[in-house]
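Below is one structure, written out as structure tokens; comments come after it.
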Amino acid sequence: VAFGTTRNCGLISRDGAVIELAGKRKPTWEKDAADNQFFDSLDHFRLSGLTFAAQDLSQHLPANPWLMLAAAGDLLVERCRFIGGDPNHGNVGVLVYWTNDGRPEATCVVRECRFDTALNLGFNASAPGRKQRALIERNWFRSTPQEACLIVRGAGDTLIIRHNLSDGTQPGALHLLDTAGMGRLEISNNSFLSGGVRLFGSLEASGTIVRNNFLPEGIGAEGAAAAKLADAGRAWQVGGNTYLEGPSGSDELPLAATDAVGKPQFLARDAASPDYLRLASDSEDARRGAGGDDRLAPPVTECRSYFARW
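Going by my numbering, the residue at position 1 of the sequence shown is 6; the numbering climbs one at a time, nothing skipped.
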């Protein structure tokens, strides 16, 4: 447990060090848990090259994360692996959230990680004056015991989810809850081979891009989001997506003119192969879409210049 403002430091391993979270003591407060790692008020903080494993959550508080990262400023998580969870405890996994107080601009980057659990992001509605930004890219979401691999709650200034892979057995790949007020939301160039994208609660109509993704089914909405999906979808930039099964109901985002329904022919479906999920360069699937244009991303400066100093 780290309290106080934690700045200009990090936990870095070049040999894949494993941190096992296996406490047996049942806590009276989630931050006091022996099997809960809590990093508070982080700024200019980096986690790199580590494996966090929580294999035994029998004494863990239900529906709470076993690793919490509270961002008061900039946070970088890269090339890490996260393992563990219990479906009987709800979405027990990794939580990144923004604190009430901190720097005016706070950016979180999670990249090139492997998740065998859920990643939860929580934007802070109690800090509306702060620019809360997140970039989730080039991560591999494998089988998870939770209901979805990536769960985002609330609205920040910017959320970019791009170049990620979800190929496990979980029912959901991405869940978005109450995004009304989001300045920019981009979901691009992802391959969600298992589990779909679901929207809940309030929706943001403007500044939303859904482009060049592979999805097993239509992007669906539930509750209040379903009633607003049609209007919101007309204002979104949608195109170049491929669906294994096309949208079929009023609670799903309709096909755009440049969307397609079909089964891509990958060169290999074995994760150990160097051609895993690659497309033949001359295939129709490879030519489809908008070309994977990363210029769609706003100038988060690959999410702030200090990362270059690590």
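C-beta: ideal position from N, C-alpha, C; glycine also.
All figures in this text were calculated on a predicted structure; none of them were measured in a lab.
Local conformation of residue i per DSSP, three classes
i, result
"D280", "coil"
"D287", "coil"
"R292", "helix"
"A77", "coil"
"Q137", "strand"
"W71", "coil"
"R189", "strand"
"G89", "strand"
"S196", "strand"
"R108", "coil"
"G15", "strand"
"G244", "strand"
"S171", "strand"
"R216", "strand"
"A210", "coil"
"L124", "strand"
"T149", "coil"
Inter-residue spacing [alpha-carbon to alpha-carbon] between residue i and residue j
i, j, result
"V189", "D287", "Here residue 189 turns out to be Arg, not Val, going by the sequence shown. For R189 and D287, the distance between alpha carbons rounds to 33 Å."
"S148", "I88", "10 Å"
"A123", "L100", "8 Å"
"G206", "E222", "20 Å"
"G15", "R51", "4 Å"
"K268", "L282", "12 Å"
"G134", "G78", "14 Å"
"G54", "A232", "43 Å"
"A58", "F146", "15 Å"
"R293", "H49", "39 Å"
"Q151", "Q175", "7 Å"
"P279", "S18", "25 Å"
"G21", "E191", "31 Å"
"G212", "G228", "22 Å"
"M73", "D236", "36 Å"
"K136", "A75", "15 Å"
"G98", "D121", "9 Å"
"G109", "D61", "First, the amino acid is wrong: residue 109 is Pro here, not Gly. Spanning the two alpha carbons is a distance of roughly 38 Å."
"D285", "V266", "According to the sequence as given, residue 285 is Ala; it is not Asp. Computed Cα separation, rounded: 18 Å."
"Q242", "R216", "7 Å"
"G244", "E83", "29 Å"
"I156", "L164", "12 Å"
"L204", "A277", "33 Å"
"R116", "T56", "14 Å"
"A210", "I224", "15 Å"
"Q270", "I24", "39 Å"
Cβ-based burial, residue i [other Cβ within 10 Å; buried from 16]
i, result
"L234", "buried"
"K29", "Because the pLDDT of K29 is 45, which lies under 50, any placement of that residue in the model is unreliable, and the number read from its coordinates should be weighed accordingly. Classification for K29: exposed."
"A39", "Reliability of the predicted coordinates at A39 is poor, the pLDDT of 47 falling under 50, and no value is obtained from them."
"R274", "exposed"
"T112", "buried"
"P70", "buried"
"E289", "exposed"
"R239", "exposed"
"G254", "exposed"
"F8", "Note that F8 scores 43 on pLDDT, short of 50, meaning its location in the model is unreliable; the coordinates nonetheless yield the value given after this. By the neighbour-count rule (16 or more Cβ atoms within 10 Å), F8 is not buried but exposed."
"D264", "buried"
"L179", "buried"
Residue i - containing alpha helix (DSSP H), residue span
i, result
"D236", "229–240"
Boundaries (first-last residue) of the beta strand (DSSP E) holding residue i
i, result
"R119", "119–121"
"L182", "177–182"
"H49", "42–53"
"F271", "First-last for F271: undefined, no H or E at that position."
"I224", "Where I224 is concerned, there is no enclosing beta strand (DSSP E), given that its DSSP letter is neither H nor E."
"N321", "What the structure shows of the chain is the stretch from 6 to 315, and residue 321 is not part of that stretch, so it cannot be assessed."
"L155", "153–158"
"G254", "Here G254 belongs to no beta strand (DSSP E), and DSSP marks it neither H nor E."
"G201", "201–205"
"T263", "Element bounds for T263: n/a, residue is neither H nor E."
"L100", "99–103"
Distance between beta carbons of residue j and residue i, contact taken as under 8 Å
i, j, result
"L208", "S171", "Their Cβ separation, rounded to whole angstroms, is 22 Å, which puts L208 and S171 out of contact at 8 Å."
"L260", "G251", "6 Å"
"C118", "C154", "About 11 Å separates the two Cβ atoms, so there is no contact after all."
"G177", "F128", "With a Cβ gap of about 19 Å, G177 and F128 do not count as contacting."
"G201", "L220", "6 Å"
"N144", "R167", "So it is not a contact: roughly 10 Å between Cβ atoms."
"G161", "A139", "6 Å"
Test: residue i CB closer than 8 Å to a CB of chain B
i, result
"F219", "Checking the listed chains, one finds no chain B in this structure; it contains a single protein chain."
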